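Enquirer:
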Amino acid sequence: MKQDLEDASKKAEEERERLEGELKELQEQIAETKARLITQQHDRAQEQSDHALMLRELQKLLQEERTQRQDLELRLEEAREALAGQAYAAGQMEGFELQAKQLTREVEELQGELQALRDEKNRPDPRLQELQEEAACLKSHFQAQLQQEMRKWLYFQFLMLLEKFYLRVPWEFLFCVVLTVSTECASNRMWSLRVSAGLEPDSSEFLGIGILPAVLCEAYRSSCAMKGPAYRPGELQFFKSQFSCHFLLDLFPASCGQSCIGL
């Protein structure tokens, strides 16, 4: 029985030692677990702190990104409005260019029409030109007729005056006058012909033409200064019959008289 008690006590002691060993192990495990938990809690707290910091940073980045996105959207809207304005301006400019081209074409057409009207206005009317030519022809014809009639009238007056002089003055002086006038008319006519032909008139050619009337006039003055005529009565009658009024007028023909009057 004692042996049983000793055995039981020994077993109990062994059991107690084992239990103490297990308790000690359990306490160590608990201490390790506590230390691990503390470490984990500390790590978790650090992680939470890090997560909170990261979350704040992420929120800040997200806010910045939202701000940038809003700015970009605003800029994009402004760019769209600018592009729309440029497109509208380009459309308006194209319309203005088309209107300018159309106006330029219309102006060119109007200028062409105006030039055509000017050409039509400046173009002489054939009927007016014919009337002007006819009027010029009639004017020249009437002027020629008027000059011819004036020359005829002047020639007639000259004939009447010449006849009066023939009845009142000596025939020798009248002969000198008619010869002088005829010579002057011929001289002037020759002078005009030379000038109209483009030749230089030489006064020496016409010098001898005026000598004869001067000589005759001087001879008449000399004969008048004498006491009596140097002719015999028969010779004087012969000269008077030969140098009658008609003979003197023949010396001064109508053509010469008209030429003299025209000059």
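Counting in this note's numbering, the sequence shown runs without a single skipped number right up to 604 at its last residue.
Don't be surprised by glycine CBs; every beta carbon is placed ideally from N, CA and C.
Remember, predicted model here, so these are calculated numbers, not experimental data.
If you draw a straight line from the alpha carbon of E356 to that of E398, how long is it in whole angstroms?
Expert: Approximately 60 Å, taken between the alpha carbons.
Enquirer: Could you give the distance in angstroms between the alpha-carbon of Q381 and the alpha-carbon of A372?
Expert: Near 14 Å, if we compare the C-alpha coordinates of A372 and Q381.
Enquirer: Could you give the distance in angstroms between the alpha-carbon of A393 and the alpha-carbon of Q404?
Expert: Approximately 16 Å between the Cα atoms of the pair.
Enquirer: Does DSSP put K351 in a helix, a strand or coil?
Expert: Three-state DSSP puts K351 in a helix.
Enquirer: Mapping the DSSP letters down to three states, classify R464 as helix, strand or coil.
Expert: Here R464 sits in coil by DSSP.
Enquirer: Could you tell me the alpha carbon to alpha carbon distance between D391 and T408, rounded to whole angstroms?
Expert: Between D391 and T408, the C-alpha separation is close to 25 Å.
Enquirer: Using a Cβ-Cβ cutoff of less than 7 Å, which residues in the same chain neighbour S544 once the five nearest sequence positions on both sides are dropped?
Expert: Summary for S544: the model assigns pLDDT 47, below 50, so the residue's position carries little reliability, and this model does not support an answer.
Enquirer: Can you name, in chain order, every residue of its own chain whose Cβ lies under 7 Å from the Cβ of L472, other than the five neighbours on each side?
Expert: Counting only Cβ-Cβ distances below 7 Å, and skipping sequence neighbours, we find nothing.
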